[in-house]
Structure formats: structure tokens, C-alpha cells
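The letter at position 360 of the sequence shown is residue 361 when you use the numbering used here, and the numbering goes up by one with no holes.
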Amino acid sequence: MEGSATRYRTQIGSASFNWAAQNQTPWAWPGSDITAVINGLGHTIWRFADASRPDNDNWQSVAVDPAVVAARVAGLSYGFVVFDDVGNEYQRDGEQVIHQPMRNRFHSSREAGAGRAPYFTIQLGPEDVSIPQAVTDIHSESLGLPAGEGLVSWETPVDEGPSGTLGFHVRITDSQDFVWDSAMQVPRYLIPMAGKPGDRVTLHLRDLQLAPGQQITIGIRAVDSAGNMGPVQTAKVRLAERKPELVLPAPPPLPKAGNTDQLPTVGDLKVFIIDSLDKVDPLSGVMTPPHDQDYRLANHLWSAARKQVRLFAARNETVSFQLVVRGKTEGMQAAVTFDDIDTSSPRSELFSFRYVKGENGRLLPDPLVPLDAPLQIPFPDDQL
2 MEGSATRYRT QIGSASFNWA AQNQTPWAWP GSDITAVING LGHTIWRFAD
52 ASRPDNDNWQ SVAVDPAVVA ARVAGLSYGF VVFDDVGNEY QRDGEQVIHQ
102 PMRNRFHSSR EAGAGRAPYF TIQLGPEDVS IPQAVTDIHS ESLGLPAGEG
152 LVSWETPVDE GPSGTLGFHV RITDSQDFVW DSAMQVPRYL IPMAGKPGDR
202 VTLHLRDLQL APGQQITIGI RAVDSAGNMG PVQTAKVRLA ERKPELVLPA
252 PPPLPKAGNT DQLPTVGDLK VFIIDSLDKV DPLSGVMTPP HDQDYRLANH
302 LWSAARKQVR LFAARNETVS FQLVVRGKTE GMQAAVTFDD IDTSSPRSEL
352 FSFRYVKGEN GRLLPDPLVP LDAPLQIPFP DDQL
């Protein structure tokens, strides 16, 4: 990405996809790459713009949002990334589709020299020497966080100058007295950018190897787009004691076949319930995947002894089951009713399978079609 090495050779200390400084400094946490701190991640500012057509010297210009430049001027970012967002392209002409693979485009780095290195043309606005006000209403919490972590939030202050509050500098210390110059800088990728005046922003303290339950002092300074820093505002922060224990409720016990080997009947038909993803050959009754006979009597959805179907779902979630009928009949109809009818009652839909022939002539259920007419079992030829 940057450096004097050629042909993708590794150069210690230069920027690459995996390192801010090759083999020395990660882009964010250990093992992170550049995608952790660009295009909005890592509290970065990004904007999208179309490049101009190449001029006679093959130079192209791209409009850069002032906030992107201001973040660098104010010390709220460490550099600029030009990201080509053109991927694979497709053109369709009737039924013909033409695929154009992603173009391998290159940008010169600053080491390319004056004739090729990218550069900015910047127009400055009015001078701004006013500092932002101090941040207010600092609040911290650690409930439910891993050990040694904490959440700190505060309100974005007003900036009286023309630039406006853009971001923050944050430092921490474990000593009783907070001294800005000697306190530890919080990594930039953890620090939020400013919101509108009065908007609350949140910092997640993590990746800092702080002790569980430790009390630290945090210092926060607002920064405007001209780089003017406001006064330091401090607060005590207690970090999480220990990693929270995730206790999940025990799953309900699976129904047992019990003391019955009989399936419920409707007239001369035997019925049972299986999972929607099970497949049953309508002629042989062979199931895919294979199950023992007790599966027809009891499974995670069904208890033949109780004639009961159990479904589990979150609000507004869809659940399903498969009703299997064994025997012969003409004109069978099915319906679903609910005991308590009100505006929040579940909505049900009924479908039946159509079958396709697989290997060795075996019939497999495939498409589902609405069940809007009485069923005939076995199915007529036009349904197979």
C-alpha cells in the first residue's frame, strides 16, 4: 500500500493490508487488518464520490468531503484511504448475460514521486480559534460486559467557532491524580466521533488488558474541525469484574413413545407428525433421513400418545410441521383452528407436496402447492 518496496515485497515498517506498520503496529486490535479502520469501521469518517474522467495526462479527480480532511487535521485520524468500489459487472441483452470481471485498478502511493503521487487541493474557510466546550454528563457502566471492559458515554458539547465539534481525544490512568500529558491514550479506533450538540456518544473500553474490577480515571477533550481542543473533563470508571456467565434455559424434554404403539386415526387413516425437512416416499413410506419406528410415535414436535404437536417460536416467527397420512381415501380435507380467536391469533397456511421421480424411480417430495382442494390418497398420476 505504501513504502518503497516494489512488486508486493514485504517491507518492515511500511503500511500493508494486514499492518499499519508491517510486523510492528496492527491497524486496530492484534490480528486486525485495514478493514477494521476504514469505511465507517473503527469510528472512521467515509464518503462516496465518483471520479472524473481521465484528463490528457490520465489524472482523475475525486471530491473529498471536508469532514474527512478535517479529521486528519484535528488528529482524529491517521491518514487517508482511496477505496475503489467497482466490483464485478453484468450486462444483460435479452437472455444473454455478459460478465465483466472486476478490474484490477491501482492507485499510486505517496512514494511514487511528484509525477504520480496523489495530492489534495484544499480551499480553507474562515479562521477558527474558538475551542469547544467541555463534555458533559459522563456516564459509565459495565454490567454484562467481559472482565476488564466498560462502556463510557457523554454528551457532545457545543463549539462556538465556525468549525463545529468533530470528535474527541480520550486518555485513561489508574493513578489517583489525572495528568493529561502522562495518561495513556485510548486507541483511536475505540473513540467515537462527535454527534450533534447534545447527542450522546459511547466509548467501549476494550482490548486494553485492564484488570477485572479495576477503577480508572478517564479524561475526555472535545476537538473541533480546526483542531482546537476543549478543556479536559474527567470521571471515575469501574470496569467489569468478571466475564458474565451465560445461562441458557434447559431445553424441554423430548416426548417419549410411552406405552403406546398406536398412531392416532381419522376414519381408516393413520396420522403422525414429522419435521418439515423430512422426506417420505408416498408409495413405500421410506423416510429420508432414515428414522426408527418410534420417530413416528414421538419426536421433537410430536407425541402420538398425547395427540399433541409442540411448536416453539419467537414473536412474528414462522413455524411449520409435516402431517403424514397413511391409508386410502378420497376427498380428504384439512383445516387448522385455534381455540382463542382474537386479533393476535396465529395465521395458518396449508400446503401439499407434489412429487418428482428420483433414482430407481423413487418418489421424492419437492414443490409445495397450496392445499385448496380435497386430497385423494394415493395421489392421482397428475400429482406425481
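Don't be surprised by glycine CBs; every beta carbon is placed ideally from N, CA and C.
Quiz item: Any idea if His292 is buried or exposed, counting beta-carbon neighbours within 10 angstroms, 16 or more meaning buried?
Solution: In the sequence shown, residue 292 corresponds to position 291, counting from 1. Label assigned to His292: exposed.
Quiz item: In three-state DSSP terms, what is Asp225?
Solution: Your numbering for residue 225 matches position 224 in the sequence shown. If DSSP states are grouped into helix, strand and coil, Asp225 belongs with the strands.
Exercise. Assign Asp225 to one of two classes, buried (16 or more other C-beta atoms within 10 Å of its C-beta) or exposed (fewer than that).
Key: In the sequence shown, counting from the first residue as 1, residue 225 sits at position 224. So Asp225 ends up on the buried side.
Quiz item: What are the boundary residues of the alpha helix (DSSP H) that includes Tyr296?
Solution: Position 295 of the sequence shown holds residue 296. First-last of the alpha helix (DSSP H) with Tyr296: 295-298.
Quiz item: Distance, Cα to Cα, Ile39 vs Ala227?
Solution: Residue 39 sits at position 38 when you count from the first residue of the sequence shown. Residue 227 sits at position 226 when you count from the first residue of the sequence shown. In a straight line, the C-alpha of Ile39 is about 22 Å away from that of Ala227.
Self-check item: Reduced DSSP secondary structure (H/G/I, E/B, other) of Pro67
Solution: By 1-based counting over the sequence shown, the position of residue 67 is 66. Helix at Pro67.
Exercise. Identify, in the order they occur along the chain, each residue of the same chain with its Cβ nearer than 6 Å to the Cβ of Glu142, setting aside the five sequence neighbours on each side.
Key: Here the question's residue 142 lines up with position 141 in the sequence shown. Within the same chain, Glu142 has close Cβ partners Leu152.
Exercise. List in chain order: all unbroken beta strand (DSSP E) runs of 3+ residues lying wholly within the stretch 134-192.
Key: 137-142, 151-156, 166-174
Quiz item: Is Gly359 helix, strand or coil by DSSP?
Solution: Within the sequence shown, the letter at position 358 stands for residue 359. Gly359 falls in the coil class under three-state DSSP.
Quiz item: Counting Cβ pairs, one atom from each stretch, are 3 or more of them under 8 Å apart for the stretch 159-167 and the stretch 124-137?
Solution: yes
Practice problem: Quick one: residues in its chain with C-beta nearer than 6 Å to the C-beta of Val63, no 5 flanking neighbours on either side, listed in chain order? | Solution: On the sequence shown, residue 63 is found 62 positions in, with the first residue counted as 1. Answer for Val63: Ala50, Ala52, listed in chain order.
Exercise. Please classify Ile275: does DSSP put it in a helix, a strand, or coil?
Key: In the sequence shown, counting from the first residue as 1, residue 275 sits at position 274. Here Ile275 sits in strand by DSSP.
Exercise. Inspect the CB distances between the stretch 301-313 and the stretch 244-259 and report whether three or more fall short of 8 Å.
Key: yes
Exercise. Thinking Val98 and Trp155 are a contact (beta carbons under 8 Å), I'd like their distance in whole angstroms, please.
Key: Against the sequence shown, residue 98 aligns to sequence position 97. Against the sequence shown, residue 155 aligns to sequence position 154. No, Val98 and Trp155 are not in contact; Cβ-Cβ is about 53 Å, not under 8 Å.
Self-check item: Cβ distance (whole Å) where Gly145 is taken to contact Leu211 below 8 Å
Solution: Position 144 of the sequence shown, counting from 1, holds the residue named residue 145. Position 210 of the sequence shown, counting from 1, holds the residue named residue 211. That belief does not hold up - the Cβ atoms of Gly145 and Leu211 are roughly 17 Å apart, past 8 Å.
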